[in-house]
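In what follows, a single structure is set out as structure tokens and then discussed.
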Amino acid sequence: MARNPWMKLSLLAIAQFMVLLDLTIVNVALPSLRADLSLSQEELLSVISAYALVFAGFWLLGARLADLLGRRRLFLVGMVLFGSASLLAGVAGTPEQLIGFRCVQGLGGALLSPAAFGLATALFPHGRHRTIALSIWGALSGLGATFGVVIGGALVDTVSWRWVFLVNVPIAVAVIALSPVLLTESRVPVLGPRSFDIAGALLGTTGLLAIVLGIVRADALGWFSLPVLLLLEAGLLLLVVFVRVELRAPAPLVPMSLFRARAMTGLMINMAGNGATLLAFWFLISIFLQEARGETALVTGLYLLPVGITGSVGAITASRFLARHGIKSVMVGSALLSAAGLLLVSQADVRSSYVTTLLPGLALFGLGLIGTQTAGQISAVAEAGPDEAATAGGVVSSAGQVGCVVGLVLASTAATHQMNHLVAPVPRLLSRSPVGSDVDYRSPLLLPC
Numbered sequence: 022m023a024r025n026p027w028m029k030l031s032l033l034a035i036a037q038f039m040v041l042l043d044l045t046i047v048n049v050a051l052p053s054l055r056a057d058l059s060l061s062q063e064e065l066l067s068v069i070s071a072y073a074l075v076f077a078g079f080w081l082l083g084a085r086l087a088d089l090l091g092r093r094r095l096f097l098v099g100m101v102l103f104g105s106a107s108l109l110a111g112v113a114g115t116p117e118q119l120i121g122f123r124c125v126q127g128l129g130g131a132l133l134s135p136a137a138f139g140l141a142t143a144l145f146p147h148g149r150h151r152t153i154a155l156s157i158w159g160a161l162s163g164l165g166a167t168f169g170v171v172i173g174g175a176l177v178d179t180v181s182w183r184w185v186f187l188v189n190v191p192i193a194v195a196v197i198a199l200s201p202v203l204l205t206e207s208r209v210p211v212l213g214p215r216s217f218d219i220a221g222a223l224l225g226t227t228g229l230l231a232i233v234l235g236i237v238r239a240d241a242l243g244w245f246s247l248p249v250l251l252l253l254e255a256g257l258l259l260l261v262v263f264v265r266v267e268l269r270a271p272a273p274l275v276p277m278s279l280f281r282a283r284a285m286t287g288l289m290i291n292m293a294g295n296g297a298t299l300l301a302f303w304f305l306i307s308i309f310l311q312e313a314r315g316e317t318a319l320v321t322g323l324y325l326l327p328v329g330i331t332g333s334v335g336a337i338t339a340s341r342f343l344a345r346h347g348i349k350s351v352m353v354g355s356a357l358l359s360a361a362g363l364l365l366v367s368q369a370d371v372r373s374s375y376v377t378t379l380l381p382g383l384a385l386f387g388l389g390l391i392g393t394q395t396a397g398q399i400s401a402v403a404e405a406g407p408d409e410a411a412t413a414g415g416v417v418s419s420a421g422q423v424g425c426v427v428g429l430v431l432a433s434t435a436a437t438h439q440m441n442h443l444v445a446p447v448p449r450l451l452s453r454s455p456v457g458s459d460v461d462y463r464s465p466l467l468l469p470c
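Per this note's numbering, the sequence shown starts with residue 22, numbered consecutively.
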């Protein structure tokens with residue numbers, strides 16, 4: 022049983038699914054969180070962004086530590102951290118406690134996710150099986166994000182918002198118990214003594230954290246405030262120094278040879294855009310459905326289920342089309358599909374039919390966005406050599422996580438301006454009139470400049 026690579030992949034996929042689940046599961050709990058813990062708008066944003074911030078900032082460090090210390094070992098350390106933080110977040114009594122435990126969750130995810138990806142690529146070193154495995158990994162993005170909203174909605178409506186965190190605990194315990202049985206240790210082979218790029222780790226991690234924190238703080242302080250500008254400038258400076266250090270390091274955190282191919286830079290930009298679009302979409306559509314249309318958390322989750330279903334189809338289709346049509350054709354085609362989906366969803370108001378307006382847009386959005394993400398992940402691994410495959414996947418994944426934070430902050434800023442005078446009046450107007458409101462509240466996915 023333990024020798025079956027697909028069973029091992031299933032265990033790793035469950036862990037990765039749980040990590041991705043937590044990017045969106047909190048979205049449908051925001052109204053309950055705000056009421057129960059008296060959270061401000063900035064604190065609400067921090068509950069989501071704290072997880073993504075730490076996850077993005079420590080991903081590359083986690084990938085390198087997994088290569089040196091052992092992927093299974095770091096996978097287990099990350100899972101213990103993630104499960105423990107989930108338990109503590111579920112019993113948090115103050116906003117500060119909840120945000121702090123979300124940071125620890127992000128750190129656990131940043132350790133276990135790259136280790137899981139490295140273990141998965143080691144199971145299938147090359148050939149058709151590797152493509153299938155990476156397609157499954159890509160499909161997890163859509164499924165994890167979508168089922169996060171569905172499961173979160175069910176838990177909020179039937180039990181409590183606290184269970185959006187507590188649900189992780191039994192899964193983490195099961196994964197920790199099965200890992201020593203199913204998973205074997207895996208490291209990147211290194212000639213000579215193993216060395217850790219301490220300077221690169223410090224520069225890269227602090228640079229990413231400074232930039233992401235600057236982006237998060239921009240929502241409250243403004244993009245041109247002094248603290249935000251200082252954080253962004255410091256982060257960029259640290260990353261410039263990081264590149265110079267990596268060019269000379271004997272065992273770099275990120276081999277600069279990965280960027281000799283222009284495709285890798287393009288893939289990073291694409292994945293950042295994908296991440297920004299995905300998290301911004303989940304944040305805004307959850308607010309629109311619950312606050313403007315008055316849907317319950319569970320109904321909101323069920324409404325968004327088509328994104329995950331078509332996203333899984335997009336992941337499988339993209340992997341098959343790559344060999345026949347190439348990366349550019351797949352990327353452009355998938356991007357057009359997701360853009361068309363967003364355009365359709367943006368036409369919805371509080372009285373729009375779900376079947377004729379929202380459903381087609383959601384289906385197209387999932388099909389295109391997850392297709393793009395899967396194609397990018399497979400291409401990044403293909404561009405790198407066998408020993409750098411996990412690192413290449415980590416680089417593009419880090420770009421995607423930074424994009425998630427950027428998208429979340431931009432969405433929150435836009436939503437704050439729109440919803441101050443649109444979202445709040447809508448439920449009141451609807452409660453006075455059986456036929457609805459004359460306010461034409463549009464889905465805030467395409468906002469006026």
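The beta-carbon is built from N, C-alpha and C at its ideal position, and this holds for glycine as well.
Looking at the secondary structure, which residues open and close the alpha helix (DSSP H) in which tyrosine 72 lies?
Taking the sequence shown and counting its residues from 1, the one referred to as residue 72 is at position 51. It spans 62–90 - the alpha helix (DSSP H) in which tyrosine 72 sits, taken as one unbroken run.
In angstroms, rounded to a whole number, what distance separates the CA positions of phenylalanine 76 and cysteine 425?
Here residue 76 refers to the residue found at position 55 when the sequence shown is read from its first residue. Here residue 425 refers to the residue found at position 404 when the sequence shown is read from its first residue. Each residue's Cα considered, the two are about 10 angstroms apart.
Near threonine 227, which residues of its chain fall below 7 angstroms by C-beta distance, leaving aside the five closest residues on each side in sequence?
Translated into the one-based positions of the sequence shown, residue 227 becomes position 206. These residues qualify, in order along the chain: Leu259.
Any chance you could list the alpha helix (DSSP H) runs of at least 4 consecutive residues sitting entirely within the segment 102–167, in chain order?
Qualifying alpha helix (DSSP H) stretches, in chain order: 116–144.
Rounded to whole angstroms, what is the Cα-Cα separation between alanine 255 and valine 233?
What you label residue 255 is simply residue 234 of the sequence shown in a count that begins at 1. What you label residue 233 is simply residue 212 of the sequence shown in a count that begins at 1. When rounded, the separation of the alpha-carbon atoms in alanine 255 and valine 233 is 11 angstroms.
Buried or exposed for valine 225, going by 16 or more other Cβ atoms inside 10 Å?
Against the sequence shown, residue 225 aligns to sequence position 204. Per the sequence shown, residue 225 should be read as glycine rather than valine. By the 10 Å Cβ count, glycine 225 comes out buried.
Simplified DSSP state of leucine 325, which is helix, strand or coil:
Here residue 325 corresponds to residue number 304 of the sequence shown, with the count starting at 1. Under the three-state reduction of DSSP, leucine 325 is assigned to coil, being neither helix nor strand.
Can you give me the Cβ contacts of proline 381 inside the same chain, cut-off strictly under 7 angstroms, excluding the 5 residues immediately before and after it?
Locating residue 381 in the sequence shown gives position 360, where the first residue counts as 1. The beta carbon of proline 381 lies closer than 7 angstroms to those of Leu365 in the same chain, with the five residues before and after it left out.
Where does the unbroken alpha helix (DSSP H) through proline 191 begin, and where does it stop?
Translated into positions along the sequence shown, residue 191 becomes position 170. Element bounds for proline 191: 189–203.
So, is methionine 277 buried or exposed, given that buried needs 16 or more other C-beta atoms within 10 angstroms?
Indexing the sequence shown from 1 puts residue 277 at position 256. It is exposed - the Cβ of methionine 277 has fewer than 16 other Cβ atoms within 10 Å.
Quick one: grab the DSSP three-state call for isoleucine 46.
Taking the sequence shown and counting its residues from 1, the one referred to as residue 46 is at position 25. Under the three-state reduction of DSSP output, isoleucine 46 falls in the coil class, being neither helix nor strand.
For valine 423 versus alanine 401, is the C-beta distance shorter than 7 angstroms?
Reading the sequence shown from its first residue, position 402 is the one you call residue 423. Reading the sequence shown from its first residue, position 380 is the one you call residue 401. No, they are not a contact pair.
Neighbourhood of arginine 453 by C-beta distance below 6 angstroms, restricted to the same chain and skipping five residues each side:
The residue labelled residue 453 in the question sits at position 432 within the sequence shown. Residue placement at arginine 453 cannot be trusted, given a pLDDT of 34 that sits under 50; the coordinates are not used to answer.
Would you report the Cα separation of tryptophan 244 and isoleucine 172, rounded to the nearest angstrom?
In the sequence shown, counting from the first residue as 1, residue 244 sits at position 223. In the sequence shown, counting from the first residue as 1, residue 172 sits at position 151. If I take the Cα positions, the gap works out to 35 angstroms.
Can the beta-carbon of proline 135 be found less than 7 angstroms from the beta-carbon of alanine 84?
Sequence index remark: in the sequence shown, residue 135 carries index 114 (1-based). Sequence index remark: in the sequence shown, residue 84 carries index 63 (1-based). When the beta-carbon positions are compared, proline 135 and alanine 84 come within less than 7 angstroms of each other.
Return the Cβ separation of tyrosine 72 and arginine 123 in integer angstroms, given the expectation that the two are a contact with Cβ distance under 8 angstroms.
Within the sequence shown, the letter at position 51 stands for residue 72. Within the sequence shown, the letter at position 102 stands for residue 123. Rounded to whole angstroms, the Cβ separation of tyrosine 72 and arginine 123 is 5 angstroms, and the two are in contact under 8 angstroms.
Under the assumption that glycine 428 contacts glycine 296 (Cβ atoms under 8 angstroms), give the Cβ distance between them as a whole number of angstroms.
Taking the first residue of the sequence shown as 1, we reach residue 428 at position 407. Taking the first residue of the sequence shown as 1, we reach residue 296 at position 275. Contact check for glycine 428 and glycine 296: beta-carbon distance about 6 angstroms, within the 8 angstroms limit, so the pair qualifies.
contact_flag[the segment 50–67, the segment 110–123] where n(CB pairs < 8 angstroms) is 3 or more:
Short answer: they touch.
Tell whether a beta-carbon distance below 7 angstroms holds between leucine 86 and leucine 95.
Taking the sequence shown and counting its residues from 1, one reaches residue 86 at position 65. Taking the sequence shown and counting its residues from 1, one reaches residue 95 at position 74. For the pair leucine 86 and leucine 95, the CB atoms are nearer than the 7 angstroms cut-off.
If I follow the unbroken alpha helix (DSSP H) through valine 249, where does it start and stop?
For the purposes of this step, residue 249 is taken as residue 228 along the sequence shown, with counting starting at 1. Annotation for valine 249: the continuous alpha helix (DSSP H) segment containing it runs 247–269.
Using only the alpha-carbon positions, how far apart do leucine 252 and phenylalanine 263 sit?
The residue given as residue 252 occupies position 231 in the sequence shown. The residue given as residue 263 occupies position 242 in the sequence shown. About 16 angstroms.
Can you tell me whether DSSP reads phenylalanine 340 as helix, strand or coil?
One-based indexing of the sequence shown puts residue 340 at position 319. Correcting the residue identity first, residue 340 is serine in this sequence and not phenylalanine. The answer is helix: DSSP assigns serine 340 an H, G or I state.
In whole angstroms, give me the CA-to-CA distance for alanine 106 and leucine 42.
For this step, residue 106 is matched to residue 85 along the sequence shown. For this step, residue 42 is matched to residue 21 along the sequence shown. When only Cα atoms are considered, alanine 106 and leucine 42 end up about 15 angstroms apart.
First through last residue of the alpha helix (DSSP H) which encompasses proline 52
Along the sequence shown, one-based indexing puts residue 52 at 31. Counting along the chain, the alpha helix (DSSP H) containing proline 52 begins and ends at 51–58.
Anyone know if the C-beta pair for alanine 318 and glycine 174 falls short of 7 angstroms?
The count along the sequence shown starts at 1 and reaches residue 318 at position 297. The count along the sequence shown starts at 1 and reaches residue 174 at position 153. Yes, these two residues count as a Cβ contact at 7 angstroms.
8 angstroms CB neighbourhood of leucine 385 in its chain, flanking five on each side removed
Numbered from 1 along the sequence shown, position 364 holds the residue referred to as residue 385. Excluding its 5 nearest sequence neighbours in each direction, leucine 385 has C-beta neighbours in its own chain below 8 angstroms: Thr331, Leu358, Ser359, Ala361, Gly362, Leu365, listed in chain order.
Through-space distance from alanine 420 to threonine 179, alpha-carbon basis:
Locating residue 179 in the sequence shown gives position 158, where the first residue counts as 1. Locating residue 420 in the sequence shown gives position 399, where the first residue counts as 1. In a straight line, the C-alpha of threonine 179 is about 36 angstroms away from that of alanine 420.
Taking the alpha-carbon positions, what's the isoleucine 46 to alanine 166 distance?
To locate residue 46, count along the sequence shown from 1; it is residue 25. To locate residue 166, count along the sequence shown from 1; it is residue 145. Taking the straight line from one Cα to the other gives about 7 angstroms.
Mind checking whether leucine 33 and leucine 164 have CB atoms under 7 angstroms apart?
Position 12 of the sequence shown, counting from 1, holds the residue named residue 33. Position 143 of the sequence shown, counting from 1, holds the residue named residue 164. Using a Cβ distance threshold of 7 angstroms, leucine 33 and leucine 164 do not count as a contacting pair.
Local conformation of glycine 315 per DSSP, three classes:
Looking up residue 315 in the sequence shown gives position 294. The three-state reading of DSSP puts glycine 315 in coil, since its state is none of H, G, I, E or B.
Give the DSSP-derived three-state secondary structure of proline 381 in the structure shown.
Here residue 381 is taken as the residue at index 360 of the sequence shown, counted from 1. Under the three-state reduction of DSSP, proline 381 is assigned to helix.
Could you check where the alpha helix (DSSP H) with aspartate 370 kicks off and where it finishes?
For the purposes of this step, residue 370 is identified with residue 349 of the sequence shown, where counting begins at 1. Unbroken run through aspartate 370: none, as it is neither H nor E.
In chain order, what residues of the same chain have a beta carbon less than 6 angstroms from the beta carbon of leucine 60, not counting five sequence neighbours either side?
As a first step, residue 60 must be located in the sequence shown, where it is residue number 39. Excluding residues within five positions, the ones whose Cβ falls inside 6 angstroms are Leu54, Pro116.
Could you tell me the alpha carbon to alpha carbon distance between tryptophan 182 and leucine 379, rounded to whole angstroms?
Within the sequence shown, numbered from 1, the residue matching residue 182 stands at position 161. Within the sequence shown, numbered from 1, the residue matching residue 379 stands at position 358. The straight-line gap from Cα to Cα measures roughly 26 angstroms.
Determine the extent of the alpha helix (DSSP H) in which leucine 242 is found, giving its start and end residues.
As a position in the sequence shown, residue 242 is number 221, starting the count at 1. In the DSSP annotation of this structure, the continuous segment of the alpha helix (DSSP H) that includes leucine 242 starts and ends at 219–242.
Is it right to say alanine 110 is buried, meaning 16 or more other beta carbons lie within 10 angstroms of its own, or is it exposed?
Sequence index remark: in the sequence shown, residue 110 carries index 89 (1-based). Buried, since its Cβ has 16 or more Cβ neighbours within 10 Å.
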